[in-house]
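Read through the structure below, which is laid out as structure tokens, and then see the notes.
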Amino acid sequence: MESLREALEKLKLASTDNTTDSTENSLDCLLSALTQNNMEASRKMQEMGILSLLPTLLNPQSSCTPKVANIIAEMAKNEFMRSPCVEAGLIPPLVQLLNSTDQEVLLQTGRALGNICYDSHTLQAQLINLGVIPTLVKLLGIHSHNTALTEMCLIAFGNLAELESSKEQFASTNIADELVHLFQKQTEHEKKEMVFEVLAPLAENDVIKLQLVEAGLVECLLEVVAQTVDGEREEDIAQLKTASDLMVLLLLGDESMQKLFEGGKGSVFQRVLSWIPSHNHQLQLAGALAIANFARNDGNCIHMVDTGIVQKLLELLERHVEEGNVTVQHAALSALRNLAIPVVNKSKMLCAGVADVVLKFLQSEMPPVQFKLLGTLRMLIDTQAEAAEQLGTNGKLVERLVEWCEAKDHAGVMGESNRLLSALIRHSKSKEVVRTVIQKGGVKHLVTMATSEHMIMQNEALVALGLIAALDLVAAEKDFVGANLVSVLHKLLSDERSAPEIKYNSMILICAVMGSEPLHKEVQSLAFIDVVSKLRSHENKTVSHQASLTEQRLTAQS
């Protein structure tokens with residue numbers, strides 16, 4: 000410890016008279032102490048006031064600068080030293096040193112900044128504000144042959160890219176070209192992984208997605224997939240997953256996705272299609288997710304359905320009824336759901352047997368699969384009366400929907416079950432479907448759905464309930480009473496926040512249930528006429544007109 004104290008005293012003297020040899024010797028002594036016992040030496044150095052000397056020693060022209068930066072890097076390995084380093088004003092002079100041409104200075108400076116700012120978003124944001132991103136990207140281009148410097152830049156990018164504020168700065172540089180160029184040069188798995196770890200967070204930004212596509216990243220990824228698809232080594236499996244996941248991520252950007260689709264004739268699109276029948280689950284998953292991402296506009300969906308993609312997805316799903324890979328099931332159902340959105344695709348997909356295959360997953364206990372299954376069926380039957388009737392009279396399906404309507408632990412599944420139950424009635428307008436829903440206990444769930452916080456769900460429920468009342472009021476009467484339908488309608492009409500269409504459809508439903516004696520009595524007891532008469536002056540003409548008609552009906556039957 001005496002030698003450490005002595006070195007510090009000499010360093011104080013040397014910092015004032017600029018004697019390089021003496022400074023070098025003192026720095027060597029400090030580094031030696033840090034090597035032997037980093038934590039204790041760091042604490043002693045802080046107590047002895049060394050940090051206040053270091054900013055002046057970070058001189059770009061001094062041969063001692065790499066050692067000074069190294070000492071800071073070593074001390075900042077200790078969490079308790081990071082705040083003192085910041086308070087000593089070390090960050091600005093270190094950032095300035097990133098403009099140096101000396102590779103050792105750059106390396107030690109990068110280490111020092113990285114250690115000081117480790118795990119601190121606040122300090123990393125400070126670095127971003129000081130403009131380190133363009134400087135580091137430039138360094139990567141200049142020193143790409145220097146392995147240590149390259150790794151330092153990649154580690155810095157990986158940390159900074161986690162901050163949303165960094166994305167705009169990265170997008171204004173040529174980071175995409177530099178990273179793709181660097182990736183193409185790598186032969187070792189570990190080095191490729193380092194580049195991947197930077198690419199993934201950057202590729203979350205849509206502007207950078209497009210830049211990476213234009214820089215040729217997709218071709219690199221396809222090459223990795225081709226090289227590793229049959230590999231059995233852990234590193235091959237890891238690279239295959241990383242490359243295919245990144246490919247799917249690039250397709251989440253609208254511009255990058257459309258560029259790769261190329262009207263359905265793009266070589267990348269064709270390659271991705273070939274992944275779906277693959278024997279490899281990871282590629283099947285990536286292929287299905289890629290199709291789901293390509294299917295984000297009507298033009299792409301129509302083209303894909305016309306060129307036979309549905310059959311490929313159905314064959315994939317058939318393979319996983321027994322194999323039961325949940326992620327592949329979820330991805331394939333996501334793709335089918337998106338493809339079913341354009342009206343012209345619905346009948347084609349129904350003819351291809353999509354509904355029959357999807358129903359094979361009705362017994363799945365996995366909420367993500369249940370959610371996508373429900374969404375796919377709902378999209379398929381939209382405006383398709385025959386299909387809605389066929390599915391709506393399927394007792395097993397309706398029974399399962401009613402069960403899922405009570406899945407309070409899974410709000411998405413519960414919501415989609417309610418919406419599909421309503422859709423089966425609305426699109427079929429079938430008395431048989433209504434009877435099936437009543438028999439399986441679905442009415443109370445539709446009444447609850449009418450109280451949803453989502454206006455679209457409220458409306459869908461009210462229209463379905465109106466059809467139930469119109470098609471089989473006698474059979475539904477008991478359920479309507481048990482679910483307090485009239486009370487729910489009174490609240491909807493009294494609530495000033497209810498949308499015009501909610502008020503309109505509530506009044507239509509009130510008129511429809513008046514044919515039932517017990518429901519009629521409830522309407523009278525709740526003084527609906529007062530609520531409805533106020534709506535005659537509603538600013539929406541359709542609502543005010545319906546209010547007049549409903550008031551007349553209530554008055555006539557009072």
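The opening residue of the sequence shown carries number 0 in our numbering; numbering runs sequentially from there.
Where a beta carbon is used, it is the ideal one built from N, C-alpha and C, also for glycine.
Bear in mind that the values here come from a model prediction, so they are computed numbers and not experimental data.
Looking only at 211, 143 and 427, the smallest Cα-Cα distance to residue 190 is reached by 143. If you draw a straight line from the Cα of residue 553 to the Cα of residue 541, it is about 18 Å long. Annotation for residue 347: the continuous alpha helix (DSSP H) segment containing it runs 342-350. By the 16-neighbour rule on beta-carbons within 10 angstroms, residue 341 is buried.
Of the residues assessed, residue 429 falls on the buried side of the cut-off, its CB having 16 or more other CB atoms within 10 angstroms. In the three-state DSSP reduction, residue 129 falls in the coil class, being neither helix nor strand. The region 179-228 is shown to contain whole alpha helix (DSSP H) runs of 4 or more residues at 188-201, 205-213 and 216-227, in chain order. If you draw a straight line from the Cα of residue 269 to the Cα of residue 285, it comes to about 13 Å. Secondary structure at residue 554: helix, using DSSP grouped into helix, strand and coil. One thing to note: residue 469 has its Cβ within 8 Å of the Cβ of residue 511. Linking residue 393 to residue 274 through their CA atoms gives a straight-line distance of about 34 Å. Judged by DSSP in its simplified three-state form, residue 70 adopts helix. Non-local C-beta neighbours of residue 200 in its own chain, meaning closer than 8 Å and more than five positions away in sequence, comprise 157, 160 and 161, ordered along the chain. Residue nearest to residue 74 within the set 58, 32, 102 and 95 is 32 (criterion: CA-CA distance). Comparing alpha-carbon positions, the option among 60, 72 and 130 lying closest to residue 99 turns out to be 60. If you draw a 10 Å sphere on the C-beta of residue 548, you find fewer than 16 other C-beta atoms in it, and that means exposed. By the CB criterion at 8 Å, residue 456 and residue 418 fall inside the cutoff. Residue 452 sits away from residue 515, with the two beta carbons spaced by 8 Å or more. When DSSP states are grouped into helix, strand and coil, residue 269 belongs to the helix group. Every unbroken stretch of the alpha helix (DSSP H) spanning 4 or more residues and falling wholly within the region 46-112 is given here in chain order: 53-56, 64-74, 78-86 and 90-96. By the beta-carbon neighbour count (other beta carbons within 10 angstroms, threshold 16), residue 152 is buried. The C-beta distance from residue 115 to residue 89 rounds to 7 Å, short enough to fall under 8 Å. With fewer than 16 other Cβ atoms inside 10 Å of its own Cβ, residue 473 counts as exposed. The DSSP-derived three-state label of residue 503 is helix.
For the pair residue 513 and residue 551, the CB atoms are not nearer than the 8 Å cut-off.
In its chain, beyond the 5 residues on either side, 281 have a beta carbon closer than 8 Å to the beta carbon of residue 240. Taking C-alpha positions only, residue 183 is separated from residue 23 by approximately 41 Å. Between the region 362-376 and the region 324-339 there are three or more C-beta pairs closer than 8 Å, enough to call the two in contact. Here residue 171 is exposed: its Cβ has fewer than 16 other Cβ atoms, across all protein chains shown, within 10 Å. Non-local beta-carbon contacts of residue 484 in its own chain, meaning distances under 6 Å to residues more than five positions away in sequence, involve 446 in chain order. The DSSP-derived three-state label of residue 4 is helix.
With respect to the 8 Å criterion, residue 209 and residue 254 are classified as neighbours on the basis of their beta carbons.
Remark: C-beta atoms of residue 126 and residue 202 do not approach each other more closely than 8 Å. Residue 414 counts as buried, since no fewer than 16 other beta carbons sit within 10 angstroms of its beta carbon.
The Cβ-Cβ distance between residue 506 and residue 449 does not fall below 8 Å. In the displayed model, residue 148 falls within a helix according to three-state DSSP.
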